[in-house]
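Have a look at the structure below before the remarks.
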Amino acid sequence: MRIGGMNVLDPVLRVQYKPNEKDLKECYWLGKDLAEKIKK
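If you want this note's numbering, it's the 1-based position in the sequence shown plus 8.
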């Protein structure tokens, strides 16, 4: 996607099967970062 000129959020979130507490926190912060980028 980067090669095609698209902006990619880092870090990439990778969760397999049932997310644990750490995965849910990472998802929360990724969502906050995404919302901030959309606001700008």
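The C-beta atom is built at its ideal place from N, Cα and C for all residues, glycine as well. Quantities reported herein were computed from a predicted structural model and do not represent experimental measurements.
N-terminal and C-terminal residue of the alpha helix (DSSP H) that L21 is part of = Here L21 belongs to no alpha helix (DSSP H), and DSSP marks it neither H nor E.
message = What residue range does the alpha helix (DSSP H) around K45 cover?
response = 29-47
ask   = Alpha carbon to alpha carbon, how far is E34 from L21?
value = 7 Å
ask   = For P27 and chain D, any beta-carbon pair shorter than 8 Å?
value = Of the chains in the structure shown, none is chain D; there is only one protein chain.
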